[in-house]
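This report refers to the structure that appears directly beneath it.
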């Protein structure tokens, strides 16, 4: 979802769901679903911010970067918070032989991810759960070698950060555990004002979402884990997002008439009940909002007024974690 690309559709309040049609509603379209590897998931990791390499190759590079940073090894049990289309879980299981428990709140994304996982022959290693992170069973406590979450923290909300990190700390192994989070961030000097404001994205694209500062993230992790989630690494890949957003905008426009517009009308009765002229107006407003959104965010990353940070945490005494991974 651009700035909130892995936000599951069922996290969204009903007033917000129309804006997720491009990313979530298309899962009911078999032809569109077959092309999911080309649809947005989260920021691609290019060779550098000026690179022209293929977007799909860049997405795979990003996934493998997370696998390396988490230092996932054969036999590890990995928790992924935010399934998306299942790409990270599949790549991790395929490359390392680990097992993955992946959480989503979207019925449609669960079904689609499971279908992709089955086609890849990985159903014995990946389980997709329709489960809120707050409801993880007690039997999962101290049971995961690794926790990975790619651009889900923005959807958690500032007020629930401690709850989130407390849940992560509970299930991450107390000996040798590693957790990696990728999160869109806002500069420190603007966070206190921003968190209480309503900007274009909060009003029109993702109400309830909130970008966080790096300091806020580290402080929440420290407080919630009682100091047992220890910062190990911090990297900003925000500059790579500008090119990703340009690609997404191009693909959005190219697929709009064939896939996006029909999905909007099909999945939203409040639009279907309108006259043809009314439907056309609503669809065009949606199109313009998303194009503005892509460009708005592209400029933000280009000018570095927003970032995309990867935070790595380890447990105390984890001597098996290589320094180069952070």
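Residue numbers (full-length UniProt numbering): 1 to 326. Backbone N, C-alpha and C fix where the C-beta goes; we use that ideal spot for every residue, glycine too.
(message) If you reduce the DSSP assignment to three classes, tell me which class residue 335 lands in.
(response) An answer regarding residue 335 cannot be provided, because it is not within the stretch 1 to 326 covered by the chain.
(request) Consult DSSP for residue 96 and reduce its assignment to one of helix, strand or coil. (result) Mapped onto the chain shown, residue 96 falls at position 96. Residue state, collapsed to three classes: helix.
(request) Please report how far the alpha carbon of residue 8 lies from the alpha carbon of residue 312, in whole angstroms. (result) Taking the chain shown and counting its residues from 1, one reaches residue 8 at position 8. Taking the chain shown and counting its residues from 1, one reaches residue 312 at position 312. Interpretation of residue 8 is limited by its pLDDT of 34, a score under 50 that renders its predicted location unreliable; the figure taken from the coordinates is listed afterwards. Roughly 23 Å separates the two Cα atoms.
(message) Among the candidates 96, 197, 75, 244, whose CA atom is the shortest distance from the CA of residue 300?
(response) For this step, residue 300 is matched to residue 300 along the chain shown. With distances taken between Cα atoms, residue 300 lies closest to 244.
(message) Would residue 224 and residue 154 qualify as a contact pair, given that the criterion is a beta-carbon distance under 8 Å?
(response) Indexing the chain shown from 1 puts residue 224 at position 224. Indexing the chain shown from 1 puts residue 154 at position 154. The beta carbons of residue 224 and residue 154 sit no closer together than 8 Å.
(request) Counting only the same chain and skipping the five closest in sequence on each side, list residues whose C-beta sits under 6 Å from that of residue 147. (result) By one-based count along the chain shown, residue 147 stands at place 147. Once the five neighbours on either side are set aside, the close Cβ partners of residue 147 are 79, 168, 172, 179.
(request) Below 8 Å on the Cβ atoms is my guess for residue 118 versus residue 86; work out the distance and round it to an integer in Å. (result) Position 118 of the chain shown, counted from the first residue, corresponds to residue 118. Position 86 of the chain shown, counted from the first residue, corresponds to residue 86. About 10 Å; that fails the 8 Å criterion.
(request) Compare the C-alpha of residue 164 against each of 295, 279, 81 and name the closest. (result) On the chain shown, position 164 is the one that residue 164 refers to. The residue with the shortest Cα to Cα distance from residue 164 is 81.
(message) Report the CB separation of residue 127 from residue 101 in whole angstroms; it is logged as a contact under 8 Å.
(response) Position 127 of the chain shown holds residue 127. Position 101 of the chain shown holds residue 101. In this structure, residue 127 and residue 101 form a Cβ contact; the two beta carbons are roughly 5 Å apart against a cut-off of 8 Å.
(request) To the nearest angstrom, report how far apart residue 28 and residue 137 are at their CA atoms. (result) Sequence index remark: in the chain shown, residue 28 carries index 28 (1-based). Sequence index remark: in the chain shown, residue 137 carries index 137 (1-based). Note that residue 28 has pLDDT 45, beneath the 50 cutoff, so the model's placement of it is unreliable and the number below is only indicative. Computed Cα separation, rounded: 30 Å.
(message) Using 8 Å as the threshold, is the C-beta distance between residue 287 and residue 175 below it?
(response) Locating residue 287 in the chain shown gives position 287, counting from the first residue. Locating residue 175 in the chain shown gives position 175, counting from the first residue. Residue 175 is positioned such that its CB atom lies no closer than 8 Å to that of residue 287.
(request) Quick one: which unbroken alpha helix (DSSP H) runs of 4-plus residues sit fully inside the region 124-160? Chain order, please. (result) Counting only unbroken stretches of 4 or more residues, the alpha helix (DSSP H) elements lying wholly within the region 124-160 are 153-156, in sequence order.
(request) Return the Cβ separation of residue 132 and residue 105 in integer angstroms, given the expectation that the two are a contact with Cβ distance under 8 Å. (result) Residue 132 sits at position 132 when you count from the first residue of the chain shown. Residue 105 sits at position 105 when you count from the first residue of the chain shown. 6 Å between Cβ atoms; contact.
(request) Along the alpha helix (DSSP H) that carries residue 323, what are the first and last residues, could you check? (result) By 1-based counting over the chain shown, the position of residue 323 is 323. Element bounds for residue 323: n/a, residue is neither H nor E.
(message) Distance check for residue 68 and residue 20, CA to CA, integer angstroms please.
(response) Working through the chain shown from its first residue, we reach residue 20 at position 20. Working through the chain shown from its first residue, we reach residue 68 at position 68. Any answer about residue 20 is weak, because its pLDDT of 45 lies below 50 and its placement is not dependable; what the coordinates show is given next. Roughly 31 Å between the two C-alpha positions.
(request) Please name the residue or residues paired with residue 184 in a DSSP beta bridge. (result) Along the chain shown, one-based indexing puts residue 184 at 184. The partner list for residue 184 (beta bridge, DSSP) reads 308.
(request) Would you please state the rounded distance, in angstroms, between the beta carbons of residue 355 and residue 158? I believe it to be under 8 Å. (result) Residue 355 lies beyond the residue range present for the chain, which begins at 1 and ends at 326; the question has no answer from this structure.
(request) Along the alpha helix (DSSP H) that carries residue 300, what are the first and last residues, could you check? (result) By one-based count along the chain shown, residue 300 stands at place 300. Going by DSSP, residue 300 is part of the alpha helix (DSSP H) stretching over 276-302.
(request) With distances taken Cα to Cα, identify the nearest neighbour of residue 62 among 237, 97, 255, 142. (result) Translated into the one-based positions of the chain shown, residue 62 becomes position 62. Measuring from the Cα of residue 62, the nearest candidate turns out to be 237.
(message) Considering Cα atoms alone, identify which of 215, 134, 111 is closest to residue 189.
(response) Here residue 189 refers to the residue found at position 189 when the chain shown is read from its first residue. Of 215, 134, 111, the smallest CA-CA separation from residue 189 is found for 215.
(message) Here's the rule: buried if 16 or more other CB atoms are within 10 angstroms of the residue's CB, otherwise exposed. What is residue 203?
(response) Your numbering for residue 203 matches position 203 in the chain shown. Burial call: exposed.
(request) Could you please give the first and the last residue of the uninterrupted beta strand (DSSP E) stretch that includes residue 214? (result) Locating residue 214 in the chain shown gives position 214, where the first residue counts as 1. Under the DSSP assignment, residue 214 falls outside any beta strand (DSSP E), being part of the alpha helix (DSSP H) whose first and last residues are 214-225.
(request) Consult DSSP for residue 251 and reduce its assignment to one of helix, strand or coil. (result) Taking the chain shown and counting its residues from 1, the one referred to as residue 251 is at position 251. In the three-state reduction of the DSSP assignment, residue 251 falls in the helix class.
(message) Please list the terminal residues of the continuous alpha helix (DSSP H) segment that includes residue 60.
(response) Here residue 60 is taken as the residue at index 60 of the chain shown, counted from 1. From DSSP, the alpha helix (DSSP H) with residue 60 extends over 55-69.
(request) Select from 182, 134, 140 the residue whose C-alpha is nearest the C-alpha of residue 160. (result) As a position in the chain shown, residue 160 is number 160, starting the count at 1. Nearest C-alpha to residue 160: 134.
(message) What does the Cβ neighbour count give for residue 250, buried or exposed, with the cut at 16 atoms within 10 Å?
(response) To locate residue 250, count along the chain shown from 1; it is residue 250. Around the beta carbon of residue 250, a 10 Å sphere encloses fewer than 16 other beta carbons of the protein chains shown; the residue is thus reported as exposed.
(message) Since residue 88 and residue 150 should fall inside the 8 Å C-beta cutoff, what is the C-beta to C-beta distance between them, to a whole number of angstroms?
(response) The residue labelled residue 88 in the question sits at position 88 within the chain shown. The residue labelled residue 150 in the question sits at position 150 within the chain shown. Yes, they are in contact, since the Cβ atoms of residue 88 and residue 150 sit about 6 Å apart, within 8 Å.
(request) Give every residue of the same chain whose Cβ lies closer than 8 Å to the Cβ of residue 228, excluding the five residues on either side of it in the sequence, and list them in chain order. (result) Start at 1 with the first residue of the chain shown, and residue 228 comes out as number 228. 169, 174, 315, 316.
(request) For residue 242, collect the residues of the same chain with a Cβ closer than 6 Å to its Cβ; drop the 5 residues on either side in sequence, then sort them by chain order. (result) Here residue 242 corresponds to residue number 242 of the chain shown, with the count starting at 1. Spatial neighbours of residue 242 in its own chain (CB-CB distance under 6 Å, excluding positions within 5 residues in sequence) are listed in chain order as 298, 301, 302.
(message) Rounded to the nearest angstrom, what separates residue 304 and residue 191 at their Cα positions?
(response) For the purposes of this step, residue 304 is taken as residue 304 along the chain shown, with counting starting at 1. For the purposes of this step, residue 191 is taken as residue 191 along the chain shown, with counting starting at 1. Cα to Cα, the separation comes out at about 14 Å.
(request) Let me know the secondary structure DSSP gives residue 77 once reduced to three states. (result) As a position in the chain shown, residue 77 is number 77, starting the count at 1. Judged by DSSP in its simplified three-state form, residue 77 adopts strand.
(request) Would you tell me roughly how many angstroms separate the C-alpha atoms of residue 278 and residue 239, rounded to the nearest one? (result) The residue you call residue 278 lines up with position 278 of the chain shown. The residue you call residue 239 lines up with position 239 of the chain shown. Near 39 Å, if we compare the C-alpha coordinates of residue 239 and residue 278.
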